[in-house]
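S.K.:
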Amino acid sequence: MSHTQDKASALKQGVLIGVYLAVLTALEYFIAISFMSVTVLTLVAVVKAALVAYYFMHIYKLNEEHEGGHDSFEYKTGTNRLGLWLFLLSDSFVFGGLLVSRFNLLGLERPHLNQLLGLAVTAVLLLSSFFMNRAETSMAHGDTKGFLNGILITILLGTGFLLGVVGVEWRLAAAEGLTASKNVVGGIFYMMTGMHAFHVLTGVIFLGLVYRNGRNGYFTKEQHWGVEAAAVYWHFVDLVWIFFYPALYLIGTLS
Amino acid sequence: MKKIYSIPLIRGIVWQVVGLLVGIGIVVGIRAAMGLQATGPFLVTEHAWVFGGFLGTLTFLVGHGVMGDWFKWWRGEITSDHHEDKPGWEKYFGPSLDHKVIGIQYTVTALIVMIVGGTFALIFRTELAFEGMQFLKPAQYNTLMSMHGIVMIVVILLGIGGMMNYLVPLLVGAHDMAFPRLNSFAFWIVVPAAVWLLSSMALGGIETGWTGYPPLSANMNLVGQQTFFLAVFIVGWSSVLGGLNLIATVVRMRAKGMTAFRMPIFVWASIATSLIALTATQLIGLSFQMVMFQRLFGMGFFDPVKGGNPVLFQHLFWFYSHPAVYVFILPGLGIVSELLPVFARKPLFGYKWIAMSSLGIALVGFLVWAHHMFTSGMNEYLRVPFMYSTLLVAVPTGVKFFSWTATIWKGKIDTPVPTPMLFTVGAVFVFLLGGLTGPPNATVSTDLHLHDTYWIVGHFHDTMFGGFMFPFFAALYYWFPKATGRRMNETLGKIHFWLMTPSFFVMTLGMMYIGLNGMRRRIADYDPAMGFQPTHFVLTIAGFLIALSVLVFFINLITSLRNGEVAKGNVWNSRSPEWQVESPMPAHNYEHPFEVVGEPYDYGLAGSKYVEFAKHK
Chain Y
1 MSHTQDKASA LKQGVLIGVY LAVLTALEYF IAISFMSVTV LTLVAVVKAA
51 LVAYYFMHIY KLNEEHEGGH DSFEYKTGTN RLGLWLFLLS DSFVFGGLLV
101 SRFNLLGLER PHLNQLLGLA VTAVLLLSSF FMNRAETSMA HGDTKGFLNG
151 ILITILLGTG FLLGVVGVEW RLAAAEGLTA SKNVVGGIFY MMTGMHAFHV
201 LTGVIFLGLV YRNGRNGYFT KEQHWGVEAA AVYWHFVDLV WIFFYPALYL
251 IGTLS
Chain R
1001 MKKIYSIPLI RGIVWQVVGL LVGIGIVVGI RAAMGLQATG PFLVTEHAWV
1051 FGGFLGTLTF LVGHGVMGDW FKWWRGEITS DHHEDKPGWE KYFGPSLDHK
1101 VIGIQYTVTA LIVMIVGGTF ALIFRTELAF EGMQFLKPAQ YNTLMSMHGI
1151 VMIVVILLGI GGMMNYLVPL LVGAHDMAFP RLNSFAFWIV VPAAVWLLSS
1201 MALGGIETGW TGYPPLSANM NLVGQQTFFL AVFIVGWSSV LGGLNLIATV
1251 VRMRAKGMTA FRMPIFVWAS IATSLIALTA TQLIGLSFQM VMFQRLFGMG
1301 FFDPVKGGNP VLFQHLFWFY SHPAVYVFIL PGLGIVSELL PVFARKPLFG
1351 YKWIAMSSLG IALVGFLVWA HHMFTSGMNE YLRVPFMYST LLVAVPTGVK
1401 FFSWTATIWK GKIDTPVPTP MLFTVGAVFV FLLGGLTGPP NATVSTDLHL
1451 HDTYWIVGHF HDTMFGGFMF PFFAALYYWF PKATGRRMNE TLGKIHFWLM
1501 TPSFFVMTLG MMYIGLNGMR RRIADYDPAM GFQPTHFVLT IAGFLIALSV
1551 LVFFINLITS LRNGEVAKGN VWNSRSPEWQ VESPMPAHNY EHPFEVVGEP
1601 YDYGLAGSKY VEFAKHK
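The listed protein sequences derive, respectively, from chains Y and R. So for the first sequence, this note's numbering puts the first residue at 1; every next one is plus one. So for the second sequence, this note's numbering puts the first residue at 1001; every next one is plus one.
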């Protein structure tokens, strides 16, 4: 269990998971350019998602027993945690619906997008998840400075992702004639990236609030539910992109 | 003036109007600056209306103050866990955190909106009484018919929200819901949505029926279509957040000793309902959002010219909208199982089976959506599996019926039968009719004939009345003393029941009769040669009699609130914990927590106990 780990080994674990995720992403890209198999790509995405859900989002914490009474902070945090996960479950149906629509409408075709940019924004989001994990781990060990730095880097990377997708990718696509109203390929591309970008944006705002409150000394080693919530939400946004990236950039042939 | 503005509801609506105007102004300004057309047949283009509607919803919530504590948290302030409500009626117009107040807010809103939806039905029912168009234009008929559908769905969602909010924390022994602020938010977000929904009538109306299928809904040049989509999208959020809150409450806040199989059946039913509301609702939101974007930005999701697929909309839409009918009926069926043992003075037959059957219906309900699409042109190989999965729903539903009959069997029912029991038994009969008329629609060969006829309308009204309306009335008569401290009038209650039930049977059986003979649904007029007119006339009379019976109910409700007999002690001699304390319920529920020491429905067994309250200090 990570909360009993000392800081060094928690940090080591974060680095290790970050490396695994990076290797798997590179593997995805290699599969896509060599022998494009939908099954293998899906499997890799599921493995990545499982790593994020377990090691970054700490899904196992849902199972923790709480000793205090119903009014204790620990018990209430457990309730909050369940509420947040239920919300993510609900939200994942939106993204699931978008994936279903994408495969129903486009089949095994994909939009013509800038592959290098796709890989870059994916890497940026992955890196942001790594720093988010560092921020949360630092807070859990009472290191406020490390926490604030981690959050700040996450915000910067998140903003970078937004600029990459909305500022650059949308512009490039539109310049190549792929507009929202041209055909259903454009419609799906802007809908999926737009919905995801909207979640990234809310995540960045959430992190901004956490950063501000954290600087004012609002969170402590023992009581930092706000930090945990922001982290879990941020990793969820990353988890969604783990499925959206292959669905938009890798799977299928160019339309 | 200042006093009126201090009422949160009024303040919210003022802010909503301001938000709408600001939103419209922003879009018109941007479009004008970009040299695009800014005015349209409804003053401005629908981009402006949609953005204004969205912004107006947010400004309502800010102005109303329901998000006040969250803003404080974001600023790093700490708020107290409970806010004391001021005594009096003002608390019902503001962001109260008490689940009982919120439950009453839901219920009263449901009843008020029910009058609106019922009036729509009476208007177009009168038009249908005679062939030819008498006083409505076809477009008006379409709008009224669509509005009746969606408004009544909102009524049902509000009604079950009311029952679940008021009852579940009491039944599980919690002092409130798990997230009181979210609870209040989930209710208050419905109010701006209801405003947008009704305003769509002034913005050209909706002519697509409540299902809003593209391509029709995407091509109709009416702004009302957009405000309708926006309103349903927002109501969906209420459903999602309410379901989330309820699951967290039941999982985390049960009283000591209340293991899963000692929970009241209504709690089981609420869990099943909430699971559907939490997850599937997102897909109607998504499908409506996609049509909105198709209209606003020309994204061709459902437009075959651009490579889109209209059938995809139906899949996404029904993935919610079929399980949604289980959202509507499961709490009602839970009420039936809850009340029957109380009045029959016998244990509930097959408790575990009943508990699991609610979950069973909810889970199977996720796998049946395409039975609405047998004639839609989807792949034919999908028909048979969806036919069988749909027929499978009859199994858990049959379990419920078996248990109800076995529970009533040789029960000791008081005479004269109390009004809640009348409505409970009425629910069983009406839902039986609704259930038995289901399998013919689920079977592909017969559905090809029945699809889009009045038969479906009759079947649907049977399931909704049996699954929601009758149990809702039963619950209102039953828990009214708990909420208000006064009892409702029994004579008026019986008039309500005996006026409504026969009229209702006449109405739905008549609908099915002309449906089998070929009367199409959703049409404003019919061919006189088909011979439907006498039946339609009878249906209209029956509709007005139902309205009259509901009027009796409202008279009863209002007079009993002021002059009803004071409720003392355990009015119905129930074993349930909320009846072991005084009425109306104290502000923080149970002063002394209780512990569950026995089975919930062991009525009539000597020496059995369900709950034990902690000793007085």
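Heads up, the beta-carbon is just placed ideally off N, CA and C, and yes, glycines get one too.
Please name the residue, chosen from R:Ser1445, R:Met1507, R:Thr1259, that lies closest to Glu1380 of chain R on a Cα-to-Cα basis.
M.R.: Counted from its first residue, the second sequence places residue 1380 of chain R at position 380. Closest option to Glu1380 of chain R, Cα to Cα, is R:Ser1445.
S.K.: Report buried or exposed for Glu67 of chain Y, applying the criterion of at least 16 other Cβ atoms within 10 angstroms of its Cβ.
M.R.: Position 67 of the first sequence, counting from 1, holds the residue named residue 67 of chain Y. Exposed: under 16 other Cβ atoms inside 10 Å.
S.K.: Determine, for Gly83 of chain Y, whether the minimum Cβ-Cβ distance to residues of chain R falls below 8 Å.
M.R.: In the first sequence, residue 83 of chain Y corresponds to position 83, counting from 1. Yes, contact with chain R.
S.K.: Would you report the Cα separation of Gly1308 of chain R and Asn104 of chain Y, rounded to the nearest angstrom?
M.R.: The count along the second sequence starts at 1 and reaches residue 1308 of chain R at position 308. The count along the first sequence starts at 1 and reaches residue 104 of chain Y at position 104. If I take the Cα positions, the gap works out to 9 Å.
S.K.: Would the beta-carbon of Gly1053 of chain R fall within 8 Å of that of Leu1020 of chain R?
M.R.: For the purposes of this step, residue 1053 of chain R is identified with residue 53 of the second sequence, where counting begins at 1. For the purposes of this step, residue 1020 of chain R is identified with residue 20 of the second sequence, where counting begins at 1. Yes, Cβ-Cβ distance for Gly1053 of chain R and Leu1020 of chain R is below 8 Å.
S.K.: Pull out every residue of the segment 1059 to 1076 of chain R whose Cβ sits closer than 9 Å to any Cβ of chain Y, in chain order.
M.R.: Per Cβ criterion, the list reads Trp1073, Trp1074, Arg1075, Gly1076.
S.K.: What residues of chain R sit near Phe87 of chain Y, judged by a beta carbon separation below 9 Å?
M.R.: Position 87 of the first sequence, counted from the start, is the residue given in the question as residue 87 of chain Y. What Phe87 of chain Y touches in chain R: Val1240, Leu1241, Leu1244, Leu1278.
S.K.: For Val1566 of chain R, which of helix, strand or coil comes out of DSSP?
M.R.: Taking the second sequence and counting its residues from 1, one reaches residue 1566 of chain R at position 566. Residue state, collapsed to three classes: strand.
S.K.: Between R:Tyr1106, R:Ile1276, R:Met1299, which lies nearest to Phe1319 of chain R when the distance is taken from Cα to Cα?
M.R.: Your numbering for residue 1319 of chain R matches position 319 in the second sequence. Among R:Tyr1106, R:Ile1276, R:Met1299, the Cα nearest to that of Phe1319 of chain R is on R:Ile1276.
S.K.: When we look at the beta-carbon of Trp1369 of chain R and count the other beta-carbons within 10 Å, is it buried (16 or more) or exposed?
M.R.: Numbered from its first residue, the second sequence carries residue 1369 of chain R at position 369. Buried, because 16 or more other Cβ atoms sit within 10 Å of the Cβ of Trp1369 of chain R.
S.K.: Over the uninterrupted alpha helix (DSSP H) stretch that includes Phe87 of chain Y, give me the two end residues.
M.R.: Within the first sequence, numbered from 1, the residue matching residue 87 of chain Y stands at position 87. Phe87 of chain Y -> alpha helix (DSSP H) spans 73 to 106.
S.K.: Between which two residues does the alpha helix (DSSP H) holding Glu1338 of chain R run?
M.R.: Residue numbering aside, residue 1338 of chain R sits at position 338 when the second sequence is read from its first letter. Its alpha helix (DSSP H) spans residues 1310 to 1344.
S.K.: Which chain Y residues are close to Val1251 of chain R, counting only those with a beta carbon under 7 Å from its beta carbon?
M.R.: By 1-based counting over the second sequence, the position of residue 1251 of chain R is 251. Within chain Y, the residues near Val1251 of chain R are Leu82.
S.K.: Residues in its own chain within less than 7 Å of Tyr1477 of chain R by CB, not counting five upstream and five downstream?
M.R.: Within the second sequence, the letter at position 477 stands for residue 1477 of chain R. Excluding sequence neighbours, Tyr1477 of chain R sits near Thr1419, Pro1420, Phe1423, Met1488, Gly1493.
S.K.: Across which residues does DSSP place Lys1256 of chain R in a beta bridge pair?
M.R.: Locating residue 1256 of chain R in the second sequence gives position 256, where the first residue counts as 1. The partner list for Lys1256 of chain R (beta bridge, DSSP) reads R:Glu1595.
S.K.: Tell me, please, whether the CB atom of Val184 of chain Y is closer than 8 Å to any CB atom in chain R?
M.R.: In the first sequence, counting from the first residue as 1, residue 184 of chain Y sits at position 184. At least one chain R Cβ lies under 8 Å of Val184 of chain Y.
S.K.: For Phe1124 of chain R, which residues in the same chain have their Cβ closer than 6 Å to its Cβ, ignoring the five residues on either side in sequence?
M.R.: Within the second sequence, residue 1124 of chain R is the residue found at index 124, counting from 1. So the list reads Tyr1141, Leu1144, Met1145, once near-sequence residues are dropped.
S.K.: Between the segment 1299 to 1324 of chain R and chain Y, which residues of the former have a C-beta closer than 7 Å to a C-beta of the latter?
M.R.: So the list reads Met1299, Gly1300, Phe1301, Lys1306, Gly1307, Gly1308, Asn1309, Leu1312, Leu1316, given in the order they occur along the chain.
S.K.: Under 8 Å: do the segment 16 to 26 of chain Y and the segment 37 to 52 of chain Y share three or more Cβ pairs, one atom per stretch?
M.R.: Touching, yes, given that three or more Cβ pairs across the two stretches are closer than 8 Å.
S.K.: To the nearest angstrom, report how far apart Pro1214 of chain R and Trp1049 of chain R are at their CA atoms.
M.R.: Within the second sequence, numbered from 1, the residue matching residue 1214 of chain R stands at position 214. Within the second sequence, numbered from 1, the residue matching residue 1049 of chain R stands at position 49. Using only the alpha carbons, I get a separation of about 20 Å.
S.K.: Taking the beta carbon of Phe35 of chain Y as the centre, do at least 16 other beta carbons fall within 10 Å, making it buried, or is it exposed?
M.R.: Counting from 1 along the first sequence, the entry for residue 35 of chain Y is found at position 35. Exposed, because fewer than 16 other Cβ atoms sit within 10 Å of the Cβ of Phe35 of chain Y.
S.K.: Determine the contact status of Pro1008 of chain R and Phe1093 of chain R, defining contact as a CB-CB distance below 8 Å.
M.R.: Along the second sequence, one-based indexing puts residue 1008 of chain R at 8. Along the second sequence, one-based indexing puts residue 1093 of chain R at 93. Cβ atoms of Pro1008 of chain R and Phe1093 of chain R: closer than 8 Å.
S.K.: Need the endpoints of the alpha helix (DSSP H) that Val1444 of chain R sits in, please.
M.R.: For the purposes of this step, residue 1444 of chain R is identified with residue 444 of the second sequence, where counting begins at 1. That run of the alpha helix (DSSP H) goes 1444 to 1450.
S.K.: Assuming Asn1556 of chain R contacts His1459 of chain R (C-beta within less than 8 Å), just tell me the rounded distance between them.
M.R.: Position 556 of the second sequence, counted from the first residue, corresponds to residue 1556 of chain R. Position 459 of the second sequence, counted from the first residue, corresponds to residue 1459 of chain R. Contact doesn't hold; Cβ gap of about 30 Å is too wide.
S.K.: Can Ala1248 of chain R and Ala1178 of chain R be called in contact, C-beta distance under 8 Å?
M.R.: As a working mapping, residue 1248 of chain R is identified with position 248 in the second sequence. As a working mapping, residue 1178 of chain R is identified with position 178 in the second sequence. For Ala1248 of chain R and Ala1178 of chain R, yes; Cβs fall inside 8 Å.
S.K.: Taking three-plus beta-carbon pairs below 8 Å as touching, is the segment 1067 to 1084 of chain R in contact with the segment 210 to 219 of chain Y?
M.R.: Yes, the segment 1067 to 1084 of chain R is in contact with the segment 210 to 219 of chain Y.
S.K.: Three Cβ pairs or more, each shorter than 8 Å: is that satisfied between the segment 95 to 115 of chain Y and the segment 1248 to 1264 of chain R?
M.R.: Result no; under three Cβ-Cβ pairs closer than 8 Å.
S.K.: Where does Arg1295 of chain R sit, in a helix, a strand or coil, going by DSSP?
M.R.: The count along the second sequence starts at 1 and reaches residue 1295 of chain R at position 295. Here Arg1295 of chain R sits in helix by DSSP.
S.K.: Which of the residues in the segment 187 to 214 of chain Y, read from start to end, lie with their CB under 8 Å from any CB of chain R?
M.R.: Those residues of the segment 187 to 214 of chain Y that come within reach of chain R (Cβ to Cβ, closer than 8 Å) are Gly187, Ile188, Tyr190, Met191, Leu209, Arg212, Asn213.
S.K.: Could you check where the alpha helix (DSSP H) with Phe244 of chain Y kicks off and where it finishes?
M.R.: For the purposes of this step, residue 244 of chain Y is identified with residue 244 of the first sequence, where counting begins at 1. From DSSP, the alpha helix (DSSP H) with Phe244 of chain Y extends over 225 to 245.
S.K.: Closer than 7 Å by beta-carbon distance: list the chain Y residues that pair up with Ile1247 of chain R, in chain order.
M.R.: By 1-based counting over the second sequence, the position of residue 1247 of chain R is 247. Those are Leu86, listed as they occur along chain Y.
S.K.: Of all Cβ atoms in chain Y, is any one closer than 8 Å to the Cβ of Gln1282 of chain R?
M.R.: Here the question's residue 1282 of chain R lines up with position 282 in the second sequence. Taking Cβ atoms only, chain Y reaches closer than 8 Å to Gln1282 of chain R, which makes this a yes.
S.K.: Counting contacts by CB-CB distance shorter than 8 Å, is His70 of chain Y in contact with chain R?
M.R.: Against the first sequence, residue 70 of chain Y aligns to sequence position 70. Yes, because at least one Cβ of chain R sits closer than 8 Å to the Cβ of His70 of chain Y.
S.K.: DSSP beta-bridge partners for Glu109 of chain Y?
M.R.: By one-based count along the first sequence, residue 109 of chain Y stands at place 109. In DSSP, Glu109 of chain Y forms a bridge with Y:Thr253.
S.K.: Taking 7 Å as the cut-off, does the CB of Arg1181 of chain R come closer than this to any heavy atom belonging to the ligand NAD?
M.R.: No copy of the ligand NAD appears in this structure; indeed no ligand is present at all.
S.K.: Restricting to runs no shorter than 4 residues, where is the alpha helix (DSSP H) found entirely within the segment 1027 to 1083 of chain R?
M.R.: The qualifying runs are 1046 to 1064, 1068 to 1074.
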